[in-house]
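In our numbering, the protein residues as written are 817 to 1646.
Glycine residues also receive a C-beta, built at the ideal position from the N, C-alpha and C atoms.
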Amino acid sequence: MGRMLDPSLPDAVLPPRFQSWFDGRGWRLRDHQRAVLEAARAEASALLVAPTGGGKTLAGFLPSLVELSERPKNQRSLHTLYVSPLKALAVDIERNLKTPIEEIGLDIQVEARTGDTKSSVRQRQRTRPPDILLTTPEQIALLLAHPSAEDLFSGLRCVVLDELHALRGSKRGDLLSLDLARLWTLAPALRTVGLSATVADPLPLRRYLVPQPEEGSAEAALIEGKGGVRPDVRVMTGEDRIPWSGHSGRHAFGAVYEAIKGATTTLVFTNTRSQAEVCFQELWKLNEDSLPIALHHGSLERAQRERVEAAMQAGGLRAIVCTATLDMGIDWGAVDLVICLGAPKGASRLVQRIGRANHRMDEPSRALLVPANRFEVLECVAAKEAVDAGLLDGEGAKPGALDVLCQHIWGMACAEPFHPDHLYREVTSAAPYAGLPREVFDRALDFVATGGYAMKAYDRYRRIVRQPDGRMRIRDPRTAQLYRLNAGTIVEMPVYNVRIGRLGGTDGKPGRARPGRKLGTMEEWFTSQLTPGDTFLFAGEVLRFEGIQETDVLVTKSRSDEVKIPSWQGSKFPLSSFLSARVRDIVNDPARWGQLPAQVQEWLHLQRRKSYVPKPDELLIETFERAEKFHLVCYPFDGRIAHQSLGTLLTRRLERAGMQPLGFCPTEYALSVWMRRDPSGLDMDALFDEDMLGDDLDDWLADAQLMKRTFRNCAIIAGMIERNHPGQEKSGRQVSFSAGLIYDVLREHEPDHILLQAAWNDAAAGFLDIRRLGALLSRIQGHLVLKPLAHVSPLAVPVMMEAGRETIIGGANEAILAELQEELLSEMMA
DNA sequence: GACCTGCTGCGGGATG
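Written out as structure tokens, the structure reads:
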């Protein structure tokens, strides 16, 4: 492998001690490792893009190890900072780095620092740091917001940023970029190494890694590791009937079990926690061979998850059913099959998940995609094609979040007084904030100093004050303490603890129960649907709901078969634009239908006969009457979030047009709206005009609850509202109430408040997906195809099922749904 | 016999 090495080079790159360590293991320096060393020698920052495995982490650390080995004795100071999005990775790397350090015989200290590190150790690390510190973005922010920051970091030579693709573009990534900017100020000799999975466009990552100049832009060197073997991806299309709707993949559990039996170790990825619970439960029912299969998701108690991870590490498991919790993390060499249950949602996410299998360079990772319904078959096929062609989702760079900027300004004042001009220049050296106008920075600064003019009367919002010399300093030590309690960008929903126990005390007398072992957490809204005696699935067990005591949901184990499926309200996994365009391409092009399973082909052919198959960039709009209601169904294939926004805005227009709309239902692929009047005579071009993104949108948002929730997150991150902390008597509801109050006050009295702007930006990028909706509307202008029908069309059946599920009172009543499906299918065939 | 939706990540520190 590799190119011929220049015989004059090797000595210059790797010192003899290192070379013989490589030799002793039968390793050769890989090309990308050499390139990182050469970049470091030239004092250049670099982005290393490579698939998992292949010594990427070692490549990031090699230059630091070499430099530290050449350092004069007795000179110890923080040399290299490693940042990972996961605490577990920091701890794992600590273990892994110690091997080469010991074996080469280097005098280098390595320590991890996370929220789990003992506070005495954290304190000591400020004054006597190790040579290499392994940590998280939040910890760096905390270290920087301390008077000791300058001493600690002034000698820093290198920052290694692991899994950078997973941080960039998020608020955590924004926070980290601002911290980098401060580090560049404190340690001008600093270079960075970014480690990233393969991305569609590395440029934003390369910019992220170096200080941006006032004019133009700068980027780190790009080093591309050799791609491994293309993964072997298959889409499961058995003989079974492919469901018309639903997302559980239940019809395929038998085949999933067989696949697990046929592999050494399998990761079964699901898209939701409830899907993971259901899948796990059903696999155990099928598990005649008693295979050790485990469950892992984010609402399970941490200790339980750690037991599963340890069992995996020890080779004791055949499969784990999991959610995105295992998208990243410690490599498990034994995994040789990845199953993705349900729609893959995006090519990059899929590649990341597939990469969890088989880290040997010369063998392909094996992956099996299991579509749960007909539309998902299209999505799985589109995703497989993208992976086969080596294509990924492109994600544009978006400007840094303003609430994060406010938090950072506050933190910087905790370290030492700053001059606004200097801090502005520093902040704009961070790539996400390179385009930040001074005027916006000044408003953020003013917010940290006063809360904004609507809040000026409230003393508690005054966090920094101006000194006579023009510099800003923290107001008092308490305010600095408050910063430390509120640092970070992750905001959680208030949750209940699920614990074993009964109401009424252990001895049967009334009184306080002593709750037992904690199994995990559940959200208030699901809890509120339970009445004592109900049974539900959680942590892989059937539990009986006993009652609520304070923030504990008390449960006992049960053997009931009548189980409710718990659900959580996480933010929505968006279907990537890239993948939705590819799904459209398949549907639009009958020449490509041959690769689809027979049932799906028949479905599309039937659609062509009974209604219409749109051409690229056309939007098909069907109307038909059913059960005394008129339905309008359109198929943008643009993801549920954009369809949700479109549905809201269309409904408002239909209302004005006198159609008396009754409801709408978005799916990933389509949108249905139903109403009392027949819409087929409407001017569709006017209905779908781009101008709906103007006043209609503003009207709707004015009183949208979602907007308040978004604002709450921004207000917490910016430090306007305190987080919940153990010991503080402030429930989640009280926090959101006060956030709602502040939101209303600001909307009325200070509509240009920085946090309203921050919330609007979040909403536009998040629950509204404005960019996507805008692209959708402009794509279809002049390409609407209206098809008034007598009956429901084949494409519409799954959408109608989805709508039926949501509108049937009392949740999904199976008998009614089955009946609905029968009716729809016979009407469709009519 | 179907059918059950929405992810993850982190987190004071000085003093007794």
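Pull up the distance between the alpha-carbon of residue i and that of residue j, whole angstroms please.
i: ASP947; j: ARG938; result: 15 Å
i: LEU1611; j: ALA1188; result: 16 Å
i: PRO1604; j: THR1080; result: 53 Å
i: GLN1544; j: HIS1459; result: Note on GLN1544: pLDDT 48, under 50, position unreliable in the model; the coordinate value appears next. Distance between the alpha carbons of GLN1544 and HIS1459: 40 Å.
i: GLU1122; j: VAL1151; result: 18 Å
i: THR915; j: LEU1593; result: 56 Å
i: MET1144; j: PHE1085; result: 12 Å
i: THR1053; j: LEU1102; result: 20 Å
i: VAL926; j: GLN1120; result: 28 Å
i: ALA830; j: LEU881; result: Residue identity differs from the one stated: residue 830 is Leu in this sequence, not Ala. Their Cα atoms are separated by approximately 10 Å.
i: GLN1168; j: ALA1183; result: 11 Å
i: LYS889; j: HIS962; result: 29 Å
i: ALA1173; j: GLN1417; result: 32 Å
i: PRO1108; j: VAL1072; result: 15 Å
i: ILE1632; j: GLU1098; result: 23 Å
i: LEU853; j: PRO1248; result: 27 Å
i: ILE1533; j: PHE1480; result: 34 Å
i: THR1372; j: ARG1066; result: 27 Å
Indicate whether residue i and residue j have their beta-carbon atoms separated by less than 7 Å.
i: ALA1246; j: SER993; result: yes
i: ILE1225; j: VAL1264; result: yes
i: GLU966; j: TRP837; result: no
i: VAL1379; j: LEU1346; result: no
i: GLY1391; j: LYS1161; result: Before going further, note that residue 1391 is Leu rather than Gly in the sequence given. Taking 7 Å as the Cβ cut-off, LEU1391 and LYS1161 qualify as a contacting pair.
i: LEU1083; j: GLY1356; result: no
i: PRO1477; j: GLY1463; result: no
i: TRP1419; j: HIS1447; result: no
i: SER970; j: LEU1002; result: yes
i: ASP990; j: ALA1217; result: yes
i: ALA1270; j: HIS848; result: no
i: ALA1016; j: GLY1210; result: yes
i: LEU1436; j: VAL1601; result: yes
i: GLU1643; j: VAL1615; result: no
i: LEU968; j: ASP995; result: no
i: LEU1589; j: SER1461; result: yes
i: SER861; j: LEU1025; result: yes
i: VAL976; j: GLY871; result: no
Helix, strand or coil: how does DSSP classify residue i here?
i: SER824; result: Here the model assigns SER824 a pLDDT of 46, short of 50, so the residue's position is not dependable, and the following value carries that caveat. If DSSP states are grouped into helix, strand and coil, SER824 belongs with coil.
i: VAL1051; result: strand
i: THR933; result: coil
i: MET1144; result: coil
i: ASN890; result: coil
i: PRO1482; result: strand
i: ARG1318; result: coil
i: GLY1062; result: coil
i: GLN939; result: helix
i: SER1383; result: coil
i: GLN1423; result: helix
i: SER1106; result: coil
i: ASP990; result: helix
i: ARG833; result: helix
i: LYS1161; result: coil
i: GLN1365; result: strand
i: ASN1313; result: strand
i: ALA1628; result: The predicted model places ALA1628 with a pLDDT of 47, which falls under 50 and marks its position as unreliable, so this point remains unresolved.
i: GLY840; result: helix
i: TYR1428; result: coil
i: TYR1274; result: coil
Excluding the 5 residues preceding and the 5 following residue i in the sequence, name in chain order all residues of the same chain whose CB lies nearer than 6 Å to its CB.
i: ALA1397; result: none
i: ARG1089; result: HIS1113, SER1115, THR1139 and TRP1384
Within its chain, find whatever has a CB closer than 7 Å to the CB of residue i; leave out the 5 residues flanking it on each side and keep chain order.
i: LEU1636; result: MET1617 and GLY1620
i: ARG1291; result: ARG1278, ARG1279, ILE1280 and VAL1281
i: GLN1283; result: PRO1233 and ARG1289
For residue i, which residues from the same chain have a beta carbon less than 8 Å from its beta carbon, with the 5 sequence-adjacent residues on both sides left out?
i: GLU1030; result: ARG1241 and THR1244
i: ARG1456; result: LYS1388, PRO1390, LEU1391, PRO1482, THR1483 and GLU1484
i: THR1141; result: HIS1112, HIS1113, GLY1114 and ARG1121
**Prompt:** Is it true that the segment 1509-1528 meets the segment 1562-1576, where meeting means three or more beta-carbon pairs spaced less than 8 Å apart?
**Reply:** yes
**Request:** Taking 8 Å as the threshold, find out whether the segment 1397-1406 comes into contact with the segment 1362-1371 through three or more Cβ pairs.
**Result:** no
**Request:** Assess, as a yes-or-no matter, whether the segment 1020-1038 is touched by the segment 1253-1261 under the definition of 3 or more beta carbon pairs within less than 8 Å.
**Result:** no
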